[in-house]
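The structure under discussion appears below in the form of structure tokens.
2 protein chains.
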Amino acid sequence: MNLKELAAKLGLSPTTVSRALNGYPEVNEATRERVIAAARRHNYRPNARAIRLATGRALAVGHVIPLNHRSEMMNPIFADFITGSGETYMRNGYDMILSIVPDEAEEQTYRDLMSRGSVDGVIVHAPKVNDPRIRALKDMGLPFVVHGRSTGAELDYNWVDVNNRRAFQRAAEFLLDLGHRRIALVNGNEVMDFAVRRRAGLTDALAARGLVPDLSLMFATQEMSETHGHRAAEEGLSRAEPATAFLCASMLQGMGVRRAIEGRGLKMGRDVSVIIFDDDLSYLRNGEDVPIFTATRSSVKEAGRLAAEMLLNVISQPDMAPQHRMLEAELILGQSTGPVPA
Amino acid sequence: MNLKELAAKLGLSPTTVSRALNGYPEVNEATRERVIAAARRHNYRPNARAIRLATGRALAVGHVIPLNHRSEMMNPIFADFITGSGETYMRNGYDMILSIVPDEAEEQTYRDLMSRGSVDGVIVHAPKVNDPRIRALKDMGLPFVVHGRSTGAELDYNWVDVNNRRAFQRAAEFLLDLGHRRIALVNGNEVMDFAVRRRAGLTDALAARGLVPDLSLMFATQEMSETHGHRAAEEGLSRAEPATAFLCASMLQGMGVRRAIEGRGLKMGRDVSVIIFDDDLSYLRNGEDVPIFTATRSSVKEAGRLAAEMLLNVISQPDMAPQHRMLEAELILGQSTGPVPA
DNA sequence: CCTATGTCCGTAAACGATTTAGAAATGGAT
DNA sequence: ATCCATTTCTAAATCGTTTACGGACATAGG
Numbered sequence: 001m002n003l004k005e006l007a008a009k010l011g012l013s014p015t016t017v018s019r020a021l022n023g024y025p026e027v028n029e030a031t032r033e034r035v036i037a038a039a040r041r042h043n044y045r046p047n048a049r050a051i052r053l054a055t056g057r058a059l060a061v062g063h064v065i066p067l068n069h070r071s072e073m074m075n076p077i078f079a080d081f082i083t084g085s086g087e088t089y090m091r092n093g094y095d096m097i098l099s100i101v102p103d104e105a106e107e108q109t110y111r112d113l114m115s116r117g118s119v120d121g122v123i124v125h126a127p128k129v130n131d132p133r134i135r136a137l138k139d140m141g142l143p144f145v146v147h148g149r150s151t152g153a154e155l156d157y158n159w160v161d162v163n164n165r166r167a168f169q170r171a172a173e174f175l176l177d178l179g180h181r182r183i184a185l186v187n188g189n190e191v192m193d194f195a196v197r198r199r200a201g202l203t204d205a206l207a208a209r210g211l212v213p214d215l216s217l218m219f220a221t222q223e224m225s226e227t228h229g230h231r232a233a234e235e236g237l238s239r240a241e242p243a244t245a246f247l248c249a250s251m252l253q254g255m256g257v258r259r260a261i262e263g264r265g266l267k268m269g270r271d272v273s274v275i276i277f278d279d280d281l282s283y284l285r286n287g288e289d290v291p292i293f294t295a296t297r298s299s300v301k302e303a304g305r306l307a308a309e310m311l312l313n314v315i316s317q318p319d320m321a322p323q324h325r326m327l328e329a330e331l332i333l334g335q336s337t338g339p340v341p342a
Numbered sequence: 001m002n003l004k005e006l007a008a009k010l011g012l013s014p015t016t017v018s019r020a021l022n023g024y025p026e027v028n029e030a031t032r033e034r035v036i037a038a039a040r041r042h043n044y045r046p047n048a049r050a051i052r053l054a055t056g057r058a059l060a061v062g063h064v065i066p067l068n069h070r071s072e073m074m075n076p077i078f079a080d081f082i083t084g085s086g087e088t089y090m091r092n093g094y095d096m097i098l099s100i101v102p103d104e105a106e107e108q109t110y111r112d113l114m115s116r117g118s119v120d121g122v123i124v125h126a127p128k129v130n131d132p133r134i135r136a137l138k139d140m141g142l143p144f145v146v147h148g149r150s151t152g153a154e155l156d157y158n159w160v161d162v163n164n165r166r167a168f169q170r171a172a173e174f175l176l177d178l179g180h181r182r183i184a185l186v187n188g189n190e191v192m193d194f195a196v197r198r199r200a201g202l203t204d205a206l207a208a209r210g211l212v213p214d215l216s217l218m219f220a221t222q223e224m225s226e227t228h229g230h231r232a233a234e235e236g237l238s239r240a241e242p243a244t245a246f247l248c249a250s251m252l253q254g255m256g257v258r259r260a261i262e263g264r265g266l267k268m269g270r271d272v273s274v275i276i277f278d279d280d281l282s283y284l285r286n287g288e289d290v291p292i293f294t295a296t297r298s299s300v301k302e303a304g305r306l307a308a309e310m311l312l313n314v315i316s317q318p319d320m321a322p323q324h325r326m327l328e329a330e331l332i333l334g335q336s337t338g339p340v341p342a
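Chains as they are written, first to last, in our numbering: chain A, 1 to 342; chain B, 1 to 342.
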């Protein structure tokens, strides 16, 4: 059942039917109701392909997920992010198109999505320091929102980010207040922008107390996984002067650190303190009612929701000034931290 | 730059240009090359919206992800699954459209995708026992492939599944050979079809040795998470006759079980044995070179690849007989199993 | 020489909606 | 009765491709 057929059944022109269904004012309310009733009765759904061609809009946004083909690993936060953004798209009649591409092909993917008219805008995931995609997207004129930021990008652009620096700074201050001086960092890969900011948060806090970071306790694991966290903690605990506290960039790393601690017969929270960054992932809850890990918490799902809303705004008002949204992580107290052992 | 403009520049009709670019035979090879060169030079990309309307194909497949709105949790295997399927779509020029919907709205979502012409087919995720979606999709005539199966569906349909029953049967036999008799099951929610099959695998193995399952050791957790695994193991270990082995449906549950074991000062693999189902997720590796957990392993990413290929085949040949692909899990030996303590 | 067969290319009509321009009907005001 | 504005609707163009059909030309066969 298409528009023409429906119009024929009603004895109206396709134009009027279209206008009636889309809420245009120049149609009698009586006919509008008649049209809507008939549309419902005949189960009419406008053909999305035709709408897209006629309006010149794709009614779709793209999420391009870079796949690090060395580790073949997709960022685990991604599932939660799209859970948040997906609902916004649905409510506004937009489709979400996912492209998973090796990271070196990402820029070309944006170009294709754009020039073939498959999307009206994109979300940029996992920005690196000095990420070239930002300049490229600006040049192409494709609306975009970055989840995170890119240090060194001289242009202004739309982003939604959590205050990674402040989060790790506060976490480090908390550990310092507990007397910890040998604080190990179990970071993500430091080509990623968020990792650099988290590291800066730690060094800021140390510097504020006149301490210099011990580079032998700064780990940046290739993957933010349990095993990599475990390995880093093994090293940090076997130093001549072992770490008394760990600051981890992810829950999984934190679990690996805990395993290393307990593997040595030590107790987390008593002998060694651990703070993690908790993205509040649905499938990796930090405890149920009472949190296991002390953590800086910020919901990545919420970030997804905000980024999607921002992108739809940017699409509908293309010459709007760049939008920014900074989220603050909350520091929540769990059972994994305590005063430094005497 | 569109087709008409490109044709004008070449002094040809749009028809000829279209045919040249799409490899139709009725065009001189010399002109074809001229056209291809010009298309490349002017950076011409055919408008996807127009192609879709003209051909009547969506050139897109849908993945409808049910969101259990009680737990607000997306299945964590999903990210790996689409990593596998995504590449197949890309190679064949298909888009992947993701819809994340509360599970009660899922059927309506399929209907919308279909009648508005947004997709040529869908992948059905997370089938339940007696899943009504299968009948609904058959009735609608929308091509689909199920990741998993649905016990009780009287119709035949396309599916890609792992042999869950055999996997858990073999795992249980292995534990029985090691002398274990009190084997706890830490299963997923048993409205899910795969969970029922895994349970059947265990009870099969027990029955083959004349044993009856101890219902007080059969857990079906609402979520397959670390905390739920931990809680189940706490119960299983505090029985009058505690479990000596655990059969877990996921890696995360296994990690929770390990935590419960170690929290009691016991050692996994010596005091208590654990076998997990390992979906070979990219962000949850079971060890690096040598596996931590003894596991039944089957790559969900591979399943995604196979399901995508099957779906594209079904789309291109709609009256093909239903296709099935059964994957066998391999039983890999880790450090989490050993003979039952005396 | 005429016709049949191929080869190569163009014309025009789809595809199914939106949207522009304009016509017909209606209602008041003069 | 005339004029103008407003309301309501229609016809036709448009979006950028694909594709059914047909024409021109060359070559081969009779």
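Think of the CB as a built atom: it goes at the ideal place given N, C-alpha and C, for glycine as much as any other residue.
As the structure is a prediction and not an experimental result, all values here were calculated from the model.
Contact between B/V257 and B/L281 fails: their C-beta atoms lie close to 17 Å from each other, not under 8 Å.
With a beta-carbon spacing of about 7 Å, B/A329 and B/N163 fall inside the 8 Å limit used to define contacts. Three or more beta-carbon pairs separated by less than 8 Å link the stretch 72 to 86 of chain B to the stretch 305 to 312 of chain B, which places the two stretches in contact. Interface criterion met: the Cβ of A/P46 is under 8 Å from a Cβ in chain B. For A/R198, the nearest beta carbon of chain B is not closer than 8 Å to its own beta carbon. According to the DSSP assignment, A/E173 belongs to no beta strand (DSSP E) but to the alpha helix (DSSP H) extending over 164 to 177. Judged by their CB atoms, A/G304 and A/D95 are not nearer to each other than the 8 Å cut-off. The beta carbon of A/A50 sits closer than 8 Å to some beta carbon of chain B. In the three-state reduction of the DSSP assignment, A/S238 falls in the coil class, being assigned neither a helical nor a strand state. At a C-beta separation below 9 Å, B/A58 has these neighbours in chain A: A48, R49. Judged by DSSP in its simplified three-state form, B/L327 adopts strand. Unbroken beta strand (DSSP E) stretches of 3 residues or longer found wholly inside the stretch 30 to 108 of chain B: 60 to 67, 95 to 102, given in chain order. Non-local C-beta neighbours of B/A58 in its own chain, meaning closer than 7 Å and more than five positions away in sequence, comprise R52, G117, S118, V119, D120, ordered along the chain. Around the beta carbon of A/E29, a 10 Å sphere encloses fewer than 16 other beta carbons of the protein chains shown; the residue is thus reported as exposed. Below the 7 Å Cβ cutoff, chain A contributes A79 as neighbours of B/F78, in chain order. Taking each of A/H324, A/L327, A/Y283, A/E288 in turn and checking the Cα distance to B/N68, the smallest one comes out for A/Y283. No Cβ of chain B is located within less than 8 Å of the beta carbon of A/G23. The Cβ atoms of A/A249 and A/M218 do not sit closer than 8 Å to each other.
In chain A, no part has a C-beta under 9 Å from the C-beta of B/G236; the shortest such distance is about 18 Å.
Excluding sequence positions up to five before and after B/P339, its CB lies within less than 7 Å of the CB of L178, G179, all in the same chain and listed in chain order. Sequence-ordered contacts of the stretch 96 to 120 of chain B with chain A read M96, I97, L98, S99, I100, V101, D112, S115, R116, G117, S118 [C-beta pairs closer than 8 Å]. DSSP, reduced to helix, strand and coil, places A/G152 outside both helices and strands of the structure shown, so it counts as coil. At a Cβ-Cβ threshold of 8 Å, B/M255 and B/E262 do not count as neighbours. Listed along chain A are Y283, L284, R285, each with a C-beta nearer than 8 Å to that of B/S225. Within chain B, M255 have C-beta atoms less than 7 Å from the C-beta of A/M255, given in sequence order.
For the pair A/D319 and A/Y157, the Cα-to-Cα distance works out to about 12 Å. In the structure shown, A/D289 falls within a coil segment according to DSSP collapsed to helix, strand and coil. Below the 9 Å Cβ cutoff, chain A contributes I65, L67, L98, S99, I100, V101 as neighbours of B/G86, in chain order.
Assignment of A/V119 by DSSP, reduced to helix, strand and coil, places it in the coil class.
Sixteen is the threshold: since fewer than 16 other Cβ atoms of the shown chains lie within 10 Å of the Cβ of A/H42, the residue is exposed. B/R297 is bridged by DSSP to B/D278, B/E330. In its chain, beyond the 5 residues on either side, A205, R209 have a beta carbon closer than 7 Å to the beta carbon of A/L176.
The stretch 221 to 275 of chain A is shown to contain whole alpha helix (DSSP H) runs of 4 or more residues at 226 to 237, 251 to 263, in chain order.
Residue state for B/L12 is assigned as coil, using DSSP reduced to three classes. By the rule that beta-carbons nearer than 8 Å mark a contact, B/T83 touches chain A. For B/M90, the chain A residues whose C-beta falls within less than 9 Å of its own C-beta are S99, I100, V101, T109, listed in chain order.
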